[in-house]
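There are 2 protein chains.
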Amino acid sequence: MPGVEVKEIFSGHIKEKGLRNTRQREIILEAFLSANKHITVEDLFNIVKKKHPEIGYATVHRNLKLMCESGLAEEIKIGTSKAKFELKYGHEHHDHLICLNCGKFIEVNDEKIEKLQVKLAEENDFQPVRHKLEIYGFCKKCR
Amino acid sequence: MPGVEVKEIFSGHIKEKGLRNTRQREIILEAFLSANKHITVEDLFNIVKKKHPEIGYATVHRNLKLMCESGLAEEIKIGTSKAKFELKYGHEHHDHLICLNCGKFIEVNDEKIEKLQVKLAEENDFQPVRHKLEIYGFCKKCR
DNA sequence: GGGTTTATTGATAATGAATATCATTATTGT
DNA sequence: ACAATAATGATATTCATTATCAATAAACCC
């Protein structure tokens, strides 16, 4: 049964913070786990709505934010477009190649770049915590 | 006289595109050139307003956008905060270290990282056009 | 179980930045 | 100077995000 571990972690975080586990939280988390990798609040809301039309937009939004706070999801903002959320748990850190034409996200990772970033920060008396690397251009189909 | 070259370039772009050189454009460009490196529309509007209260917010906004289209300035968006604009002309490409505490921007550049990024893109059948690297953490003062 | 506390929900309003609208003004080429 | 039309300035609109608040429902205690 996929996602069981993630659900337990989320549930645990909720209890730790003195929050409550609700039916909506579970539904939204499940939908998020089985949805596309990069999803907006609106998209997830529309998925949830199909089976649970009583669940509101604000609740989906709030719970995606909560998942981020719990370290379970990550919010990605590109320019002025809607925020996208992706599952963080169980996924290594990665950067994105973003197609300027079709908007496709390609996940990539490069150990050398990661290390050089740390070095670069340290050379500037800067303590790195996290970073964001986005390479914009054209994917195979669109170039 | 600093900025003369930039002004000529901007003026040239305007003519090329069939647009018009106006008093406001020149005032806004001058203010932009002598202002802080990373400035918001609002900040630039407030500077301009001091000497030229008749110039509106929308005009400042439009002209900053135009400067970007002309390749003279660059828009930087961090999270949900207001867009910042920086002078691109005469400045090498660079990335940013951003302090999570005080918001300070430190400009950095690393040739090795730049090259690895191009390589990384190509390995993924991706044609890179531009990129954005932001390293978040704590600056010397705030760590 | 029943009662109490209070976090959560759902609907909607508020917010805030970015952008669009439009009548008026001003620039450019003739 | 004239005509064509881009630009301006004030304001309205858009749109995503976040806040509000009465009603609901978890979770804890007895």
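Chains as they are written, first to last, in my numbering: chain A, 107 to 249; chain B, 107 to 249. For every residue, glycine included, the Cβ atom is placed at its ideal position computed from N, Cα and C.
At a Cβ-Cβ threshold of 8 Å, B/I134 and B/V154 count as neighbours. Residue-level contact by beta carbon holds for B/N230 and chain A, with a gap shorter than 8 Å. Contacts with chain B at 8 Å (Cβ-Cβ) include A/R236.
Around the beta carbon of A/K190, 16 or more other beta carbons sit within 10 angstroms, so the residue counts as buried. Sequence-distant Cβ neighbours of A/I161 in its own chain, meaning closer than 6 Å and more than five residues away, are Q130, V154.
Counting along the chain, the unbroken beta strand (DSSP E) around A/E181 starts and ends at 179-182.
Counting C-beta pairs with one atom in each stretch, the stretch 234-247 of chain B and the stretch 231-240 of chain A have three or more that are closer than 8 Å, which means they touch. For the set A/I212, A/S187, A/E175, the Cα lying nearest the Cα of A/T146 is the one of A/S187. In the DSSP assignment, B/E228 falls within the alpha helix (DSSP H) that extends over 217-229. Think of a sphere of 7 Å around the beta carbon of A/Q233: the chain B residues whose beta carbon falls inside it are G243, F244, R249, in chain order. One thing to note: A/E180 has its Cβ within 8 Å of the Cβ of A/E192.
Under the 8 Å criterion on CB atoms, A/L172 is classed as non-interfacial with respect to chain B.
Straight through space, the alpha carbons of A/P234 and A/E220 are spaced by roughly 11 Å. Taking B/E213 as the centre and dropping the five residues before and after it, the same chain places the C-beta of H200, H202 closer than 7 Å to its C-beta, in chain order. The alpha-carbon of A/E228 is positioned some 35 Å away from that of B/S176. Annotation for A/C205: the continuous beta strand (DSSP E) segment containing it runs 201-205. In this structure, B/L178 sits away from B/I120, with a CB-CB distance that is not shorter than 8 Å.
For B/R129, the enclosing alpha helix (DSSP H) covers residues 129-140. Secondary structure of A/E160 (DSSP, three-state): coil. The bridge partners DSSP lists for A/I241 are A/L203, B/H237. Taking all protein chains in view, the Cβ of A/A137 is crowded by 16 or more other Cβ atoms within 10 Å, so the residue is classified as buried.
Inter-residue distance for B/L172 and B/V112 is about 14 Å (C-alpha atoms, whole angstroms). Boundaries of the alpha helix (DSSP H) harbouring B/F116: 110-122, taken from the DSSP string.
Here B/L125 is exposed, its C-beta having fewer than 16 other C-beta atoms within 10 Å. Annotation: Cβ neighbours of B/E240 in chain A (cutoff 7 Å, chain order): H237, K238.
Residue contact with chain B for A/G185: present (Cβ-Cβ distance below 8 Å to some residue of chain B).
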